[in-house]
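Read in order, the letters of the sequence shown correspond to residues 857 to 1204 in the working numbering. Take a look at the structure set out below.
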Amino acid sequence: MNMDLANISISSLVMHQVGNFSIGEGIKFSEELISHEKIEQDLLKLISNSFYDNEIYHFTIEEALSSNLVKETIKSIFNNQAQFYQKSIDLARILYERSTHTSIKKGDFYLVSLENILWKNQKINALALLKTEEKSTFLTVKNTANSFNISSIKGISLKKVDKGCLILNHNEENGYTVLVANNSKNNDAHYWINSFLHVKRFEDAYFQTEEFSKMCKEFILNTKEIENSLTNTERIEKLHETESYIAANATLSIHDFKNTVLNDISLKKKFDEFRDAYQLNTGIRMYEEFNTSTDALKKVHKSMNKVIMLDDSVRIIINKKFPLIEQGFDSSKNKHYYKIYFDDEKIK
């Protein structure tokens, strides 16, 4: 774990309401900072629940400009805390101007100044940008002389913020260290990352491990060439072998991976062709050799979904390498079949 939030505190807090630019909802600015003493622990809980330190981003340059407006505004606050309030207005205006898609909802935009974050054993300050759009319903219970009064109120859940970023005052020369939260259920989420923040993932060990597993899964499960070359059970087996290879190697060599897991001239050639196309289509560069991340391995395991669906009604889930499966075709019934050998059975 890179980050420790156990001793963080809030030094400044302000909130503005930001609407949808395309339909002219406007912005409502707070005229002063918000007193945060009574809500500090709740707000810190929301921040702690919303950000994870595995997926690390950094600010990039906006294509149409020579700088990144959000980054420059954040830098001004880090350099001079007295500018906190005025720069929060600038950030709200930038967000409003980028909220052009019709599905983007009006929401409360918070700027929070944080102290005493431990990042890789270094104590630093940070700024949190939060936007809450969805309101949850809560029941409140009050005692009366003879009974209870129950009523409902609308409020913000402390589970996770809808959209947010945590900008650490660290690694400024490379675009700062930025953590991103994006828990919106609709399809407008990309505007927060791409249109407002303009951030990209650092291509670190976690990123390379995660993206390599995604690419391998796509290659094994969703390409016609592999579908024609391997049976479904053989493809599931390749997924297991891929996962095992990643887990077993602190440094991953794509050349060695091809020789160990694919181990077939035709498959290796198809993999190289797929990798070239994948990099071109996604803009993601896959290194020939990289360090693997133990933190990413759990995510790799979850992503390697090893399920065979039969006629949309039967699921065969293969959690480990399982060689005792036979596949065939019954000409009398004109149906495919699987034959599975096992020692024990359970109903779950």
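Positions of the beta carbon are idealized from the N, C-alpha and C atoms, including for glycine.
Distances from the CA of residue 961 to each of 876, 1129, 1101 and 883 were compared; the closest alpha carbon is that of 876. Sequence-distant Cβ neighbours of residue 1113 in its own chain, meaning closer than 7 Å and more than five residues away, are 1101. With 16 or more other Cβ atoms from the protein chains shown falling within 10 Å of its own Cβ, residue 1020 counts as buried. Counting along the chain, no beta strand (DSSP E) covers residue 1047, and no H or E run does either. In the pairwise beta carbon analysis, the segment 924–931 is classified as not touching the segment 863–877: fewer than three pairs are separated by under 8 Å.
Take residue 902, set aside five residues on each side of it, and the residues of its chain with a beta-carbon closer than 7 Å to its own are 1014 and 1017, in chain order. Nearest to residue 887 by C-alpha distance, out of 950, 874, 909 and 945, is 945. DSSP, reduced to helix, strand and coil, places residue 1136 within a helical segment of the structure shown. 9 Å or more divides the Cβ of residue 915 from the Cβ of residue 1095. By the criterion of at least three beta-carbon pairs nearer than 8 Å, the segment 1117–1130 is not in contact with the segment 1026–1043. When the five nearest sequence neighbours on each side are left out, the beta carbons in the same chain lying within less than 7 Å of the beta carbon of residue 1027 are those of 1033, in order along the chain.
Here the alpha carbon of residue 865 sits roughly 12 Å from the alpha carbon of residue 895. Around the beta-carbon of residue 1150, fewer than 16 other beta-carbon atoms lie within 10 Å, marking it exposed. Collapsing the DSSP output to three states places residue 914 in a strand. Rounded to whole angstroms, the separation of the alpha carbons of residue 1170 and residue 931 is 56 Å. Collapsing the DSSP output to three states places residue 1119 in coil.
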